[in-house]
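Structure, as structure tokens:
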Amino acid sequence: MEITVSTAEKLGLRPEEFELIKRILGRTPNFTELSAYSVMWSEHCSYKNSIKWLKTLPRDGSRLLVKAGEENAGLVDIGDGYAVVFKIESHNHPSAIEPFQGAATGVGGIHRDIFTMGARPIASLNSLRFGNLKEDKTQHLLSGVVHGIGHYGNCFGVPTVGGEIYFEDCYHTNPLVNAMSVGIVKIGQTVSATAAGVGNPVFIVGSATGKDGMGGAAFASADITENSIEDLPAVQVGDPFQEKKLLEACLEVIPTGALVGMQDMGAAGIICSTSETSAKGGVGMKIDLEKVPTRQKNMKAWELLLSESQERMLMIVHKGREAEVQGIFEKWDLPCSQIGEVTDDGMLRFYMNGELEAEVPAESLVLGGGAPVYHRDYTEPKYFSKIKSFNPNKIPVPDDLKDVAEKIISIPNIANKRWIYNQYDSMVGTGNTSINQPSDAAIVWAKEANKGLAVTTDCNSRYVFANPLQGGMMAVAEAARNIVCSGGTPLGVTNCLNFGNPYDPEVYYQFVYALKGMGEACKKFDTPVTGGNVSFYNQSPDGPVYPTPTIGMVGLLENINDKMTLDFKEEGDIIFLVGKSSNDINSSEYLHKICGVEYSPAPKFDLDEEYAMQQKIAGLIKRKVIASAHDVSEGGLFVTLIESSFNNKLGFDVVANDYKLRKDAMWFGEAQSRVVVSVNPLNLEVFKKVMGTHPYEELGVVTNGTVEVDGMYWGTILEWKEKYDTAIETYMNHYLAE
Amino acid sequence: MKFGVVVFPGSNCDRDMYDALKYDLKQEVVMLWHKDKELPGFTTDDCIVLPGGFSYGDYLRCGAIARFSPLMQAVIDFANKGGKVLGVCNGFQILCESGLLPGALLRNANQQFVCKNVFIKGEEGKALKIPVAHGEGRYYADKATLRQLESDNQIIYRYCDADGNITDAANPNGATDNIAGICNANRNVFGMMPHPERACSEVLGNTDGRRVFKTLLIKNLQLTAEPVLA
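Residue numbers (the working numbering), protein chains in the order written: chain X, 1232 to 1969; chain C, 88 to 317.
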């Protein structure tokens, strides 16, 4: 087979990249080698179009034990000899084509990133985006994705403790499925994704290798089109039972000290794990591909290198200790095969039955080594002019606010998500404290360290669409706010950057400015970015999705009993809004979904004001002055109040203080940096003292179950709860009945 | 009384059960490996627990493979000699598959996995809030078996609402007669779908599970234990 530039292009490489490969090798690559470069230099593995800007994010912090990008996931010190390991990753394109397996293997992949470092995953979260829930296609995708996440996570045995989901038209063809895993490890028991020691044996452990997921990394780096269904073999198939055994076996092997390094096999399988571990250790490897256990006969060298079969790990073992490792894998009934050894010259040599199939420098394949880095152009999107021309005065304030409120709590973005989360095991591990006592972030008890972890994922992508810079900040700010409102101290961030095609300068503008905003906010909240994932090409012929830089944040509670919950506790408690009411309906669910306005600016936000507000909330919680704290987000103040009432079936009697404010802005506006707190009257004086000059206003009192707004009776909490609880189910039960 | 928690490949509530028994209920407890053939040091005063999870992946029928594991043969002998056995969730499924308990657990009526707090009613009288987490938890038995379970008082828990009313709405999986748990005729083998080990810790904000362990196994259990480690 003659290899030409057109072969390279068929594999997704650009002509200039083909030239670069020829220069590196000093010859024309063969097909196997070219395939290796095509996946390793895909956006998914190389970050070639994003790394320039990723490097501008704050990546240092006193608690950070490894820097972003150094290992498979971030590692943050939580004291007393323990560290938290966490990462978020996308599985958007596979889920668009095959929602069940796409989502399932997304969950499997992110957990592997955590336990390949030696940590036991103790919590998972997910961040999902779909099109309009009225559409059959959306119901099909939602049903499959939720089933897939549940199938994998429930069997693997890690609780799904939190997440978020939004339904917006722009995600109709290209849904987003981002999964996050959080693990705990004893400092000193971590494993590095590195190879070292000439002559040390290299093992492949876990599942046998098949042709599934062939070239998935390259597939993830192209637009979704109507022909994407033909890429079905690029979607992997998951086996959570195998992964559960792999987890236990890996965590049993690590304390023996027999391992030099370990790297999970996700995107680009054997080629990725061998090249990354070799490049990191400055060594090479000789691999005999015929020794790889396979699921089917006659697999070719390039297929073995690129296969994305799940539940596999590459292990580099100290020579002489092979038997110990093999013994443990035998105990767990898992294949464990030596496939090669570490060499000293930095070259990867892959043999098949003695025949050299590929010979490439490990360094040349990887990010930070030979992989190309691009500077992309960007220009301000044209739709910004529509945003600038929005005039709120043309939106009449509705007369019947109760009617609007009822519609708002039935919007799928706001309504109860129990149809989704009841399909996830949220309690396995007996560490999720938020089932019986909910908070803005999920609070997970890390038992062995006896500390609380506050975890959350956040991103309102409509805000980012309206203003990428501020929207990026707001995503980080909301995550920090959720953690602070739960009694935690923000520790660090992992991000999943979901954008459209980076070769479109307007999309790239969104990317650049969202990252600038995120970076600024991460500095403010002292939450370094520990790692994450970039997912470009989230677009269909209809255009790109909203820019969606999902933030996964982890916070710490030194004492789990210091947690704060979001629900009103007692009739008669006084309700305050911490922060300022604002005459702002911009980019709210109300304006977008009820009034039907697509283009409006992002809601009011000021980073310093947000930070000051969070400090106040942290102070109130520390001094045990407040009974509940719940931040104002989608749907505005009314939704915050009603959500605070559900758990204990209480209600509220509130009035707007400022008659100059639009009523719709008062109750449904989404101006940022606001939190609803409830205070026992006995604590009133201390509350006011702690608040000092920070803006706050008294809204009213907690009732025993009635809802009254501006002196009008709005019914009982049970009536509101029924509407809130059943909105999503109505769509989905109808779908399943068909 | 000593507890042994059996670890099958794919068990994922084994540690939770261990933690609840050891730290919340202050019991002596050891982990047992499915490949072992004996229960050394266990007498009929002791209790073997089959925990929840997905033994062998549950790709066939839940519990259908686990019943053939080497240790299960020993557990069956142990139960037949009068030793206490508790199966929770996947453990209940294994007990039914192995014939230690009658009936079977079918796929939930709505075909979906369900995880949430439910209420169950047993001899404690008051409704207990205990979580469920299963895809195949719909208890089924033929009419004659059901009649016998009923007449011998072998139905140990039924799904109910917060006030203790046994209603269809309170049934999370479509189980016959709202059955959440049963025991054998000798009252030494217990199986239930809800997870009492998930409701034993003050940190989790629910300690109703302690009552289940007290009723079924640990008669002298103190219900108000100190919060653990906190």
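All C-beta atoms, glycine included, are put in the ideal place defined by N, C-alpha and C.
Please read these numbers as outputs of a predicted model, since none were measured by experiment.
Next item on the list: Determine, using beta carbons only, whether residue 1342 of chain X comes closer than 8 angstroms to chain C.
Entry: To locate residue 1342 of chain X, count along the first sequence from 1; it is residue 111. False, the Cβ-Cβ gap to chain C never drops below 8 angstroms.
Margin query: Buried or exposed for residue 1301 of chain X, going by 16 or more other Cβ atoms inside 10 Å?
Written below: Within the first sequence, numbered from 1, the residue matching residue 1301 of chain X stands at position 70. Result: buried.
Check: residue 1654 of chain X touches chain C at which residues, Cβ-Cβ below 8 angstroms?
Finding: Counting from 1 along the first sequence, the entry for residue 1654 of chain X is found at position 423. Per Cβ cutoff of 8 angstroms: 199, 200, 201, 202.
Next item on the list: Could you pull out every unbroken beta strand (DSSP E) segment of at least 3 residues lying fully inside the stretch 117-149 of chain C, listed in chain order?
Entry: 134-137
Next item on the list: Enumerate in chain order the residues of its own chain whose CB-to-CB distance from residue 1828 of chain X is below 8 angstroms, with the five nearest sequence positions on each side excluded.
Entry: Locating residue 1828 of chain X in the first sequence gives position 597, where the first residue counts as 1. Excluding positions up to five away in sequence, the list reads 1621, 1626, 1822.
Check: With a CB to CB cut of under 7 angstroms and the five nearest residues on each side skipped, what residues in its chain are close to residue 1803 of chain X?
Finding: Residue mapping note: residue 1803 of chain X aligns to position 572 of the first sequence, counting from 1. Here the set comprises 1912, 1932, 1933.
Next item on the list: Keeping to the same chain, check which residues put their C-beta closer than 6 angstroms to that of residue 1776 of chain X; ignore five residues upstream and five downstream.
Entry: The residue you call residue 1776 of chain X lines up with position 545 of the first sequence. 1401, 1402, 1405, 1769.
Next item on the list: Could you tell me whether the Cβ of residue 1795 of chain X comes closer than 8 angstroms to any Cβ of chain C?
Entry: For the purposes of this step, residue 1795 of chain X is taken as residue 564 along the first sequence, with counting starting at 1. So no, residue 1795 of chain X is outside the interface.
Check: Does residue 1420 of chain X get closer than 8 angstroms to chain C when you measure Cβ to Cβ?
Finding: Position 189 of the first sequence, counted from the start, is the residue given in the question as residue 1420 of chain X. No, no contact with chain C.
Item checked: Contact with chain X by residue 290 of chain C, beta-carbon distance below 8 angstroms -> Position 203 of the second sequence, counted from the first residue, corresponds to residue 290 of chain C. Chain X contact via Cβ: present.
Item checked: Inter-residue Cα distance where the pair is residue 1943 of chain X and residue 1656 of chain X -> In the first sequence, residue 1943 of chain X corresponds to position 712, counting from 1. In the first sequence, residue 1656 of chain X corresponds to position 425, counting from 1. Those two C-alpha atoms are separated by around 41 angstroms.
Checklist line | Boundaries (first-last residue) of the alpha helix (DSSP H) holding residue 168 of chain C | finding: Residue mapping note: residue 168 of chain C aligns to position 81 of the second sequence, counting from 1. No alpha helix (DSSP H) holds residue 168 of chain C; DSSP gives it neither H nor E.
Next item on the list: Report yes or no: do the stretch 1386-1395 of chain X and the stretch 1287-1296 of chain X share at least 3 C-beta pairs separated by less than 8 angstroms?
Entry: no
Item checked: Cut-off 7 angstroms between Cβ atoms - residues of its own chain near residue 267 of chain C, not counting five sequence neighbours on either side -> As a working note, residue 267 of chain C is residue 180 in the second sequence. Once the five neighbours on either side are set aside, the close Cβ partners of residue 267 of chain C are 207, 244, 245, 246, 279, 280, 281.
Notebook entry, point to check: Mind pulling the chain X residues with CB within less than 9 angstroms of residue 100 of chain C?
Noted result: By 1-based counting over the second sequence, the position of residue 100 of chain C is 13. Under the 9 angstroms cutoff, chain X gives 1388, 1659, 1660, 1661.
Note to self: Looking at the secondary structure, which residues open and close the beta strand (DSSP E) in which residue 1346 of chain X lies?
What the structure shows: As a first step, residue 1346 of chain X must be located in the first sequence, where it is residue number 115. Residue 1346 of chain X -> not in any beta strand (DSSP E); alpha helix (DSSP H) instead, spanning 1330-1346.
Margin query: For residue 1563 of chain X, would you say it is in contact with chain C, using Cβ-to-Cβ distances shorter than 8 angstroms as the test?
Written below: Against the first sequence, residue 1563 of chain X aligns to sequence position 332. Chain C, which has a Cβ nearer than 8 angstroms to the Cβ of residue 1563 of chain X, makes this yes.
Check: If you run the structure through DSSP and keep just helix, strand and coil, what is residue 1378 of chain X?
Finding: For the purposes of this step, residue 1378 of chain X is taken as residue 147 along the first sequence, with counting starting at 1. In this structure, residue 1378 of chain X counts as helix in the three-state DSSP scheme.
Item checked: For residue 1327 of chain X, the nearest candidate out of X/1340, X/1900, X/1374 (CA to CA) -> For the purposes of this step, residue 1327 of chain X is identified with residue 96 of the first sequence, where counting begins at 1. The residue with the shortest Cα to Cα distance from residue 1327 of chain X is X/1374.
Note to self: Any contact between the stretch 1337-1356 of chain X and the stretch 1792-1802 of chain X? By contact I mean 3 or more CB pairs, one from each, below 8 angstroms.
What the structure shows: no
Notebook entry, point to check: DSSP on residue 1676 of chain X, reduced to helix/strand/coil?
Noted result: As a first step, residue 1676 of chain X must be located in the first sequence, where it is residue number 445. Of the three classes helix, strand and coil, the one that applies to residue 1676 of chain X here is strand, per DSSP.
Notebook entry, point to check: Can you name, in chain order, every residue of its own chain whose Cβ lies under 6 angstroms from the Cβ of residue 1739 of chain X, other than the five neighbours on each side?
Noted result: Working through the first sequence from its first residue, we reach residue 1739 of chain X at position 508. Excluding residues within five positions, the ones whose Cβ falls inside 6 angstroms are 1607, 1609, 1733.
Margin query: So, with DSSP's three-state summary, where would you put residue 1791 of chain X?
Written below: As a first step, residue 1791 of chain X is located in the first sequence; it is residue number 560 there, counting from the start. Correct three-state label for residue 1791 of chain X: helix.
Notebook entry, point to check: In whole angstroms, what is the alpha-carbon distance linking residue 1653 of chain X and residue 199 of chain C?
Noted result: Counting from one through the first sequence, the residue named residue 1653 of chain X turns up at place 422. Counting from one through the second sequence, the residue named residue 199 of chain C turns up at place 112. Residue 1653 of chain X and residue 199 of chain C: Cα-Cα distance of roughly 9 angstroms.
Check: Pairing CB atoms from the stretch 1570-1579 of chain X with CB atoms from the stretch 1429-1444 of chain X, are three or more of them under 8 angstroms?
Finding: yes
Next item on the list: Check distances from the C-beta atoms of the stretch 1464-1478 of chain X to those of chain C and list, in chain order, the residues that come in under 8 angstroms.
Entry: 1470, 1471, 1472, 1473, 1475, 1476
Check: Do we get a CB-CB distance below 8 angstroms when we pair residue 1664 of chain X with the residues of chain C?
Finding: Position 433 of the first sequence, counted from the first residue, corresponds to residue 1664 of chain X. Interface residue, yes.
Next item on the list: Using alpha carbons as the reference points, say which of C/120, C/146, C/302 lies closest to residue 328 of chain C.
Entry: Missing from the structure shown is residue 328 of chain C; chain C here goes from 88 to 317 and no further.
Check: By the criterion of Cβ-Cβ separation under 8 angstroms, what are the contact partners of residue 174 of chain C in chain X?
Finding: The sequence position of residue 174 of chain C within the second sequence is 87, counting from 1. Here the premise fails: no neighbours, minimum Cβ distance about 17 angstroms.
Next item on the list: In angstroms with no decimal places, state the Cα-to-Cα distance between residue 163 of chain C and residue 209 of chain C.
Entry: As a first step, residue 163 of chain C must be located in the second sequence, where it is residue number 76. As a first step, residue 209 of chain C must be located in the second sequence, where it is residue number 122. Their Cα atoms are separated by approximately 26 angstroms.
Notebook entry, point to check: So is residue 284 of chain C in contact with chain X if we call contact Cβ pairs under 8 angstroms?
Noted result: Mapped onto the second sequence, residue 284 of chain C falls at position 197. True, the Cβ-Cβ gap to chain X drops below 8 angstroms.
Checklist line | Straight-line Cα distance separating residue 1545 of chain X from residue 1603 of chain X | finding: Stepping through the first sequence from its first residue, residue 1603 of chain X is reached at position 372. Stepping through the first sequence from its first residue, residue 1545 of chain X is reached at position 314. Straight-line Cα distance between these residues: approximately 25 angstroms.
Next item on the list: Evaluate contact between the stretch 106-113 of chain C and the stretch 138-154 of chain C, counting only Cβ atoms and requiring at least three cross-stretch pairs below 8 angstroms.
Entry: no
Check: Quick one, which of X/1428, X/1361, X/1438, X/1370 has its alpha-carbon nearest residue 1407 of chain X's?
Finding: In the first sequence, the residue the question calls residue 1407 of chain X occupies position 176. Comparing Cα-Cα distances from residue 1407 of chain X to each of X/1428, X/1361, X/1438, X/1370, the minimum goes to X/1361.
Margin query: Given a cut-off of 8 angstroms on the beta-carbon distance, is the pair residue 1717 of chain X and residue 1674 of chain X in contact?
Written below: Taking the first residue of the first sequence as 1, we reach residue 1717 of chain X at position 486. Taking the first residue of the first sequence as 1, we reach residue 1674 of chain X at position 443. For residue 1717 of chain X and residue 1674 of chain X, yes; Cβs fall inside 8 angstroms.
Item checked: Residue interval of the alpha helix (DSSP H) (run including residue 1693 of chain X) -> Indexing the first sequence from 1 puts residue 1693 of chain X at position 462. Start and end: 1692-1697.
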